[in-house]
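Report on the structure given below.
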Amino acid sequence: MPYATADARQQLLDSIVDAGEALGAALAALTEAYEMLDENAAERLEEELFRPVQLAYARARRTQSEFAERYELPGRSFQPAMRGAPSHGVKGFLDAAVQAIGEADQSLATLQDSMLPIEVGDPELRAGLEQVRTLIGPLAGRAHAIVRNFGR
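Residue numbering for the sequence shown follows our numbering, starting at -15 and increasing by one per position.
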């Protein structure tokens, strides 16, 4: 494989890892928020935000690792996210999660716009990226709705 192709594929993998790490940060923030909520609010948070982010995170990891394996490239681990300070409160943790989700989505959008997935990727990779973006697309609105309902 030409050096340029290998380099482009590695760049593609690195972008997916960056997005995955942002999703990991969102999961950490959502976990912190979950622990501060009553049972009903925590269940809503889990159903509407945590599960979709968890699925997107897992899909990003799988997309990255399977692509690396198919092209015999070195895989890269997603680094665990740091836990936040409890003083942020539920709203602060949800805001942090929304920001991290936005970063992941922007990273994947930039990657897709770069044409690398078409030029050096494959259909499986493109499908994985699309699935991740589909999962995280509506989450900012859901998070804002959850924040609005606090105190009611």
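We put the beta carbon where it would ideally sit given N, CA and C, even for glycine.
Everything numeric in this text was worked out from a predicted model, so none of it was measured.
Residue i burial status per 10 Å Cβ neighbour count (16 or more: buried)
i: Gly4; result: buried
i: Gln48; result: buried
i: Arg43; result: buried
i: Arg132; result: exposed
i: Arg35; result: exposed
i: Asp2; result: buried
i: Glu111; result: Per the sequence shown, residue 111 should be read as Ala rather than Glu. By the neighbour-count rule (16 or more Cβ atoms within 10 Å), Ala111 is not buried but exposed.
i: Gly8; result: buried
i: Ala6; result: buried
i: Asp89; result: buried
i: Ala40; result: buried
i: Ala(-12); result: exposed
Own chain, CB closer than 7 Å to residue i, minus 5 neighbours either side, in chain order
i: Ser(-1); result: Ser91 and Leu95
i: Gln63; result: Glu5
i: Arg28; result: Ile130
i: Gln(-6); result: Leu57
i: Gln38; result: Leu11
Contact set for residue i: own chain, Cβ-Cβ below 8 Å, skip 5 residues either direction
i: Arg54; result: Asp106 and Glu108
i: Phe77; result: Ala13, Leu14, Glu16, Ala17, Met20 and Gly68
i: Leu(-4); result: Phe51, Leu95, Leu100, Pro101, Val104, Gly105 and Leu109
i: Ala93; result: Arg117
i: Arg46; result: Gly112
Own chain, CB closer than 6 Å to residue i, minus 5 neighbours either side, in chain order
i: Ile85; result: Ala10, Ile120 and Leu123
i: Lys75; result: Val131
Nearest-angstrom beta carbon gap, residue j and residue i [assumed within contact, 8 Å]
i: His72; j: Ala80; result: 7 Å
i: Glu32; j: Arg126; result: 5 Å
Contact test: residue i Cβ vs the ligand NAP heavy atom, cutoff 7 Å
i: Asp(-9); result: This structure lacks the ligand NAP; in fact it carries no ligand of any kind.
Is the region 51 to 62 touching the region 12 to 24, taking contact as three or more C-beta pairs under 8 Å? no
Complete alpha helix (DSSP H) runs within the region 7 to 55 (minimum length 4 residues, chain order): 23 to 29 and 35 to 54
Please give me, in chain order, every unbroken run of the beta strand (DSSP E) with length at least 3 that falls completely inside the region 44 to 118. none
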